[in-house]
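In the numbering used here, the protein residues as written are 1477 to 1778.
Data first, discussion second: the structure below is written as C-alpha cells.
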Amino acid sequence: MKHLLKLLDLSTEEIIGLLDFADKLKYELKNGIPHPILSGKTLGMIFSKSSTRTRVSFESGMFQLGGHALFLSASDMQIGRGEPVEDTARVLSRYIDGIMIRTFDQAEVEGLASAGSIPVINGLTDFCHPCQVLADLMTIREYKGELEGRKLCYIGDGNNMANSLIVGGLKTGMKVSIATPKGYEPWKEVLDFAKDYPNFTLTTDPIEAAADADAVYTDVWASMGQEAEAAKRRAAFAGVYQINDKVLASAKSDAIVLHCLPAHREEEITAKVFEAHAKEIFDEAENRLHAQKAVMATLMAD
Ligand code: CP
Ligand code: NVA
C-alpha cells in the first residue's frame, strides 16, 4: 500500500490490517505506551474545504507518532492560484514525507499521488472519505465484535460517505443497505463495484433498508460544496431520509447509530436519537485519530 486514495484500491486484508493496527495504537495510547514510529517526519495537510475532526485528529495523531504536521490552506497556497497539482506534488515531495489532502475533485488527489514521490492520504473528496470509513468500521467492530455478517444501513444522500461505506462494508464482509431518494443514488463506479455482492441492497425506503440492521448511519443532506442546492435537497429528503424512532424500530434492538459529523439535528437525524446514541457517535469521532495514525504509520514509516 503506497497511498490511501480510495477504499476501492485496498484489499480486504489491507483494510483489516489497518483496523488491527488502529486497535493496537489505541490500546498503547490509553495505556501510556509511546509509539514514536514517525519521529522526524512531516505531514503536509492541504485543505480546500473546512474541517474540525480531520484537521485536529491528523495533527495530534502525527504529534503522538513523534512527527510534525503542517496545516496548508489551499486558498493560501499557489495551488489556490492555479499552480498545477503535479508541480505542487513534486515540490512538496522535496520537503516533507507525506500529504493529506481534502478537496473537491478525486482527480486532484490521484494527480498528487502520481506526480509526487511521497504517500498521499485522501482526507475527503466529493467522491469518498476513506479515513472516516476506517474509523467507522473500527467502531462497529468495537461494538459488535466483528464485521463479517453484520448489517450496515445508510440513510440519506448517495454522497462521499455512502460511496465509501458501501465499499468498506462490502469488502469486510458486511451486509450493506442504502436508502436514498430517487436521483440521489451513490456514484456509478461504486454501484458497479457493489453489483457483484448479493449482500448489497439499494432502495428508496429507509424502513426497509434499516430492517434488522446492526448499525444505522446517516450524513448531511447537502455536503460541502452543495450549499446552493440546500433548499432543493431539503425538499427531496425532508421527513423521510432521517434516523428517527420509527426507522430505529425497524433495526435490531441493540443497533448502534453512527454519524460522521457535523450533524444537522431534525434534518438527517432527530436530536433525540442523536443524544441517545452520543456515546457511539463520539467514540466514532475519536476513532478517526487511531485509524489515521495506523494509516500514517503504515504509509510513512521507513
Ligand atoms: N467527519 C469529518 O470528516 O469531520 P470534519 O469535516 O470536521 O473533518
Ligand atoms: N458528506 C459530508 C461529509 C462531511 C464529513 C461532506 O462532504 O460535506
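Heads up, the beta-carbon is just placed ideally off N, CA and C, and yes, glycines get one too.
Only a predicted model underlies this, so the values are computations on that prediction, with no experimental measurement involved.
So does residue i have its beta carbon nearer than 7 angstroms to some heavy atom of ligand 2?
i, result
"M1637", "yes"
"L1646", "no"
"D1612", "no"
"S1699", "yes"
"V1561", "no"
"D1496", "no"
"V1696", "yes"
"L1600", "yes"
Quick check on this structure: which residue in the options has the alpha carbon closest to the alpha carbon of residue i?
i, options, result
"N1763", "R1529, F1580 and V1567", "R1529"
"S1487", "F1497, V1643, D1581 and Y1717", "V1643"
"I1719", "N1639, A1706 and E1684", "E1684"
"K1755", "Y1619, S1524, L1519 and L1505", "Y1619"
"Q1428", "A1725, I1555, V1749 and S1533", "Residue 1428 lies beyond the range of the chain shown here (1477 to 1778); nothing can be said about it."
"K1664", "R1617, A1725 and C1604", "C1604"
"L1519", "L1541, Q1608 and G1508", "L1541"
"Y1717", "I1757, L1737 and D1695", "D1695"
"R1617", "I1575, Y1673, N1507 and L1495", "L1495"
"A1777", "H1511, T1648 and A1638", "H1511"
"V1771", "I1509, V1609 and G1621", "V1609"
"A1725", "D1688, S1536, R1709 and L1737", "D1688"
"D1721", "A1638, D1668 and H1753", "H1753"
"A1702", "V1666, L1641 and F1580", "Sequence check: residue 1702 is Gln here, not Ala. Q1702 has its Cα closest to that of F1580, out of V1666, L1641 and F1580."
"A1583", "D1602, A1739 and R1570", "D1602"
"C1736", "I1555, T1648 and T1615", "T1615"
"L1641", "Y1693, N1675, F1497 and D1668", "Y1693"
"D1485", "Y1673, P1606 and P1738", "P1606"
"G1493", "R1566, D1668, L1568 and T1648", "T1648"
"N1675", "G1621, N1639 and M1650", "M1650"
"P1700", "D1672, P1738, M1477 and K1671", "In the sequence as displayed, the identity of residue 1700 is Met instead of Pro. Checked all of D1672, P1738, M1477 and K1671; the closest Cα to M1700 is P1738."
Throw me the rounded Cβ distance for the residue i and residue j pair, which I believe falls under 8 angstroms.
i, j, result
"I1513", "A1773", "5 angstroms"
"M1521", "A1550", "Wrong, their Cβ atoms sit about 10 angstroms apart, outside the cutoff."
"I1577", "V1596", "7 angstroms"
"F1655", "D1681", "Here residue 1655 turns out to be Ala, not Phe, going by the sequence shown. Between D1681 and A1655 the Cβ distance is about 6 angstroms, and since that is below 8 angstroms, they are a contact."
"L1646", "A1691", "Actually they do not touch by this definition, with Cβ atoms about 14 angstroms apart."
"V1652", "A1686", "With a Cβ gap of about 12 angstroms, V1652 and A1686 do not count as contacting."
"A1760", "D1612", "It should be pointed out that residue 1760 corresponds to Glu in this sequence rather than to Ala. The pair is a contact, with the Cβ atoms about 6 angstroms apart (cut-off 8 angstroms)."
"L1678", "H1479", "29 angstroms between Cβ atoms; not a contact."
"E1586", "L1481", "6 angstroms"
"K1517", "G1543", "4 angstroms"
"F1547", "E1535", "7 angstroms"
Among all the DSSP beta bridges, which residues are the ones paired with residue i?
i, result
"A1545", "L1519"
"C1629", "S1653 and V1692"
"I1597", "L1480 and M1576"
"V1733", "V1692"
"T1679", "A1655"
"I1745", "I1719 and R1741"
Is the beta carbon of residue i within less than 7 angstroms of some heavy atom of ligand 1?
i, result
"Q1608", "yes"
"R1741", "no"
"C1604", "no"
"T1530", "yes"
"S1536", "no"
"S1549", "no"
"C1736", "yes"
"V1519", "Reading the sequence as shown, one finds Leu at residue 1519 and not Val. No, Cβ of L1519 sits at least 7 angstroms from all heavy atoms of ligand 1."
"S1593", "no"
"S1527", "yes"
message: Taking contact to mean 3 or more Cβ pairs, one atom from each stretch, closer than 8 angstroms, check whether the stretch 1657-1668 and the stretch 1630-1643 are in contact.
response: yes
>> Whether or not the stretch 1576-1595 and the stretch 1556-1566 are in contact is what I'm after, with contact meaning three or more pairs of Cβ atoms, one per stretch, closer than 8 angstroms; do they touch?
In response: The stretch 1556-1566, when compared against the stretch 1576-1595, does touch it at the 8 angstroms Cβ threshold.
Original post:
Between the stretch 1717-1736 and the stretch 1498-1511, are three or more C-beta pairs nearer than 8 angstroms?
Top reply: no
Examine the Cβ distances between the stretch 1619-1630 and the stretch 1596-1605 and report whether three or more of them are shorter than 8 angstroms. no
So does the stretch 1741-1750 actually touch the stretch 1703-1721, counting three or more Cβ pairs closer than 8 angstroms?
-> yes
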